[in-house]
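Reading through the structure tokens given below for one structure.
Chains as they are written, first to last, in this note's numbering: chain A, 93 to 287; chain B, 314 to 585.
Pasting the structure below:
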């Protein structure tokens, strides 16, 4: 089994230079939709878990050819701000990413890499009355600007069509800590400039 | 393209928001916090032995609060704590609630140094038989929480009517208060004020709230676990924006593009 996989991978690797590699493009723009923590966030009151979120994402990246079918692919993505409770809290995420890309076929690129995920929350302060069992009580909104930073292990699968790409990009949080491990993903539509 | 981006910014959805128990956003200073059962508590009306109560704690923290990779808070069951004065029948008062403290006099539950769970039969703590449990951080060190008490309503049998999954959910909800969170309007959140049909995970609000109070600071893929201090980017609350970070990132990108052009030019010269 493993030997077959190794032979297959070796075959693809050795065969890659012989094929016309995907064009070496220099700059690209991402538009996408990000889902944080797939299947690990409750999204209704009957125990359902969120599989797809609506979180528009934009980003830019660069392609640095290394040799033949291998590329270095740094990129920055921004999950656009969401506002909570009439802008009492604004949440957005920045992804500082670096991938190695392997053009397995003219139209197929595999990516493996890492990100620094920067979750930023800006609180605007204030208070609200919330139900508290037998009445209401005052509760308070955040009033500061705080960030969480995480390292993720990332894998992506990208289809390349002329100047365009369609990609499923995954990010694994807490790779080495099973109880906290979560997977987020983004579906990207990409436009490449240059050749 | 610009119109498209403007449109999706405009469409970014509005949602509910998490809240805190108090206006100074108190939290535990240490990221590792123990949750223990008071060794002398008794829970006949809640339908539990203290051992059964203790067995609810670890599932409550493992299923909910310990699963958030963007938070460095780590809760664990601490077993049984030494007995707290007045824990079974006394009044639970916030340190700032002078009316409660004056009225209760010698029956005030003593301040604690971790999160303590107990059953309590003093109906004044609950305000009604339909309230399952209450939680009050009753010990502060400056703005930090030093200890909190979770009381299960022993003046009624409401806790005993819950399924085991709901009991775990209730304990997890009360632990949410103990670590500093308040209620939310979002019914999918654990910090919604009442139990729902089924509680299987934290909601988005809960994750945001615990990540705000206990943010992870570079976890090294889970190996480092983040440092124990809170990064507070802004001494003037909510006034500044982190968009300078995006500007810096874009500047790095532009530099890389220019570097790539230079490399190409030098390669072309070498080829000529």
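From the three backbone atoms N, C-alpha and C, an ideal C-beta is built for every residue, glycine too.
Does DSSP put residue i in a helix, in a strand, or in coil?
| i | result |
| --- | --- |
| residue 113(A) | For residue 113(A), the predicted structure reports a pLDDT of 46, less than 50, and the residue's modelled location is therefore unreliable. A value from the coordinates is still provided. The answer is coil: DSSP assigns residue 113(A) none of H, G, I, E or B. |
| residue 450(B) | strand |
| residue 178(A) | coil |
| residue 441(B) | coil |
| residue 261(B) | The first residue shown for chain B is 314 and the last is 585, placing residue 261(B) beyond what the model contains. |
| residue 142(A) | coil |
| residue 376(B) | helix |
| residue 547(B) | Because the pLDDT of residue 547(B) is 35, which lies under 50, any placement of that residue in the model is unreliable, and the question is left without a value. |
| residue 533(B) | helix |
| residue 503(B) | coil |
| residue 520(B) | helix |
| residue 479(B) | helix |
| residue 222(A) | strand |
| residue 582(B) | helix |
| residue 363(B) | helix |
| residue 576(B) | helix |
| residue 149(A) | strand |
| residue 240(A) | strand |
| residue 413(B) | helix |
| residue 329(B) | coil |
| residue 207(A) | strand |
| residue 484(B) | helix |
| residue 515(B) | coil |
| residue 461(B) | strand |
| residue 369(B) | helix |
Keeping to the same chain, check which residues put their C-beta closer than 8 angstroms to that of residue i; ignore five residues upstream and five downstream.
| i | result |
| --- | --- |
| residue 529(B) | 382, 383, 384, 385, 539 |
| residue 172(A) | 147, 148, 149, 150, 184 |
| residue 545(B) | Because the pLDDT of residue 545(B) is 38, which lies under 50, any placement of that residue in the model is unreliable, and the question is left without a value. |
| residue 396(B) | 351, 352, 353 |
| residue 416(B) | 404 |
| residue 402(B) | 420, 433, 434, 435 |
| residue 288(A) | Here chain A covers residues 93 to 287 and nothing more, so residue 288(A) does not appear. |
| residue 517(B) | 328, 499, 501, 502 |
| residue 390(B) | 347, 348, 349, 367, 370, 371, 374 |
| residue 140(A) | 134 |
| residue 409(B) | none |
| residue 237(A) | 212, 213, 214, 215 |
With a threshold of 6 angstroms on Cβ separation, who are the neighbours of residue i within its own chain once the five nearest residues in sequence on each side are excluded?
| i | result |
| --- | --- |
| residue 156(A) | 164 |
| residue 333(B) | 493, 495 |
| residue 572(B) | none |
| residue 145(A) | 127 |
| residue 345(B) | 387 |
Using beta-carbon positions only, say whether residue i and residue j come within less than 7 angstroms of one another.
| i | j | result |
| --- | --- | --- |
| residue 422(B) | residue 458(B) | no |
| residue 478(B) | residue 132(A) | no |
| residue 266(A) | residue 493(B) | no |
| residue 179(A) | residue 263(A) | no |
| residue 388(B) | residue 348(B) | yes |
| residue 213(A) | residue 331(B) | no |
| residue 460(B) | residue 487(B) | no |
| residue 491(B) | residue 503(B) | no |
| residue 61(A) | residue 501(B) | Only positions 93 to 287 of chain A appear in this structure, which leaves residue 61(A) out of reach. |
| residue 35(A) | residue 215(A) | Only positions 93 to 287 of chain A appear in this structure, which leaves residue 35(A) out of reach. |
| residue 447(B) | residue 438(B) | yes |
| residue 175(A) | residue 277(A) | no |
| residue 279(A) | residue 153(A) | no |
Show which residues of chain E have a CB atom less than 7 angstroms away from the CB atom of residue i.
| i | result |
| --- | --- |
| residue 180(A) | Among the protein chains of the structure shown, namely A and B, there is no chain E. |
Tell me which same chain residues have a C-beta within less than 7 angstroms of the C-beta of residue i, skipping the five on either side of it?
| i | result |
| --- | --- |
| residue 240(A) | 211 |
| residue 323(B) | Note that residue 323(B) scores a pLDDT of 46, beneath 50, so its modelled location is shaky; the value from the coordinates is reported in the next line. Contacts found: none. |
Handout entry: At least three beta-carbon pairs within less than 8 angstroms, the segment 149-167 of chain A to the segment 212-219 of chain A
Key = Output reads no: the segment 212-219 of chain A does not touch the segment 149-167 of chain A.
Problem - Residues within the segment 340-351 of chain B neighbouring chain A, beta-carbon criterion of under 9 angstroms - result: Going along the segment 340-351 of chain B in chain order, one finds no residue with a Cβ nearer than 9 angstroms to chain A.
Practice task
Examine the Cβ distances between the segment 267-282 of chain A and the segment 438-453 of chain B and report whether three or more of them are shorter than 8 angstroms.
Solution key: The answer is no - the segment 438-453 of chain B does not touch the segment 267-282 of chain A, with fewer than three Cβ pairs under 8 angstroms.
Exercise for the section: Residues of the segment 240-272 of chain A with a CB closer than 9 angstroms to any CB of chain B: list them in chain order, please. Expected result: Answer set for the segment 240-272 of chain A: 240, 241, 242, 243, 244, 245, 264, 265, 266, 267, 268, 269, 270, 271, 272.
Problem - Interface positions of the segment 514-536 of chain B facing chain A (Cβ-Cβ less than 7 angstroms), listed along the chain - result: Cβ proximity to chain A below 7 angstroms picks out 514, 515, 516, 517, 520, 521, 524, 525, 528, 529, 530, 531, 532, 533, 534, 535, 536 from the segment 514-536 of chain B.
Handout entry: Segment contact flag, the segment 245-260 of chain A with the segment 225-235 of chain A, C-beta cutoff 8 angstroms, min 3 pairs
Key = Short answer: they don't touch.
Problem - Members of the segment 459-477 of chain B that neighbour chain A once the beta carbon cut-off is set at 7 angstroms - result: Within the segment 459-477 of chain B, no residue has its Cβ closer than 7 angstroms to any Cβ of chain A.
Practice task
Identify each residue in the segment 196-207 of chain A for which the Cβ-Cβ distance to at least one residue of chain B is less than 9 angstroms, and report them in chain order.
Solution key: Against chain B - using a Cβ distance shorter than 9 angstroms - the residues of the segment 196-207 of chain A are 206.
Handout entry: At least 3 beta-carbon pairs within less than 8 angstroms: the segment 461-480 of chain B vs the segment 360-377 of chain B
Key = Contact annotation: the segment 461-480 of chain B touches the segment 360-377 of chain B, with at least three C-beta pairs closer than 8 angstroms.
Practice task
Spell out a yes or no on whether the segment 500-511 of chain B and the segment 461-472 of chain B are touching, meaning 3 or more CB-CB pairs, one atom from each, closer than 8 angstroms.
Solution key: These segments do not touch.
Handout entry: Where the segment 165-195 of chain A meets chain B: residues whose CB sits under 8 angstroms from a CB there
Key = The residues in question are 166, 168, 170, 172, 173, 174, 175, 176, 177, 178, 180, 181, 183, 186, 188.
Problem - Residues in the segment 485-503 of chain B having any Cβ partner in chain A nearer than 8 angstroms - result: Residues of the segment 485-503 of chain B with a C-beta atom less than 8 angstroms from some C-beta of chain A are 495, 496, 497, 498, 500, 501, 502, 503, listed in chain order.
Problem - Residues from the segment 371-399 of chain B in contact with chain A, defined by Cβ distance under 8 angstroms - result: Flagged, chain order: 375, 379, 380, 381, 382, 383, 384.
Handout entry: Short-range partners of chain A found in the segment 423-451 of chain B, where Cβ spacing is below 9 angstroms
Key = Within the segment 423-451 of chain B, the residues whose Cβ lies closer than 9 angstroms to some Cβ of chain A are 439, 440, 441, 443, 444, 445, 447, listed in chain order.
Problem - Against chain A: residues of the segment 352-366 of chain B by CB proximity under 9 angstroms - result: So the list is empty, because no residue satisfies the distance condition.
Exercise for the section: With 8 angstroms as the C-beta to C-beta threshold (strictly closer), list the residues of the segment 210-228 of chain A near chain B in chain order. Expected result: Those would be 210, 211, 212, 213, 214, 215, 216, 217, 219, 220, 222, 223, 224, 225, 226, 227, in chain order.
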